[in-house]
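S.K.: In terms of the working numbering, the sequence shown is residues 2 to 67.
Sharing a structure below in structure tokens format, with a few things to ask.
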Amino acid sequence: MDRTCFWVVGGEYTDTDFARLVEGTGQVYGPFDSYEEARAVWERQSLATRCRALMRFAIARDGPAR
């Protein structure tokens, strides 16, 4: 079965290049069956950590190529 999943990934980064996570701070949520479900979690996590400049979350897609 070809299934597309969405994940919310992120955490606290070492600096504003956002290239490397601080060890032990990585967070993964999912899988979600729809982008909308993932976006709701992304928004909740982003808003909860908005006062921390080095926190960042993104939505990743996993599944068959379009």
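C-beta: ideal position from N, C-alpha, C; glycine also.
Taking the alpha-carbon positions, what's the T15 to R57 distance?
M.R.: Cα-Cα distance, rounded: 11 Å.
S.K.: From the DSSP output, read off the bridge partner residues of F7.
M.R.: Paired residues: F33 and R62.
S.K.: Opposite G12 in the DSSP bridges: which residues?
M.R.: According to DSSP, which records beta bridges pairwise, G12 is partnered with R57.
S.K.: Look at the alpha carbon of P32 and the alpha carbon of W43, and state the distance between them as a whole number of angstroms.
M.R.: Cα to Cα, P32 sits roughly 12 Å from W43.
S.K.: Thinking just about the alpha-carbon of each residue, which of G12, I60 and D34 is nearest to the one in G25?
M.R.: Ranking the options by Cα distance to G25, first place goes to G12.
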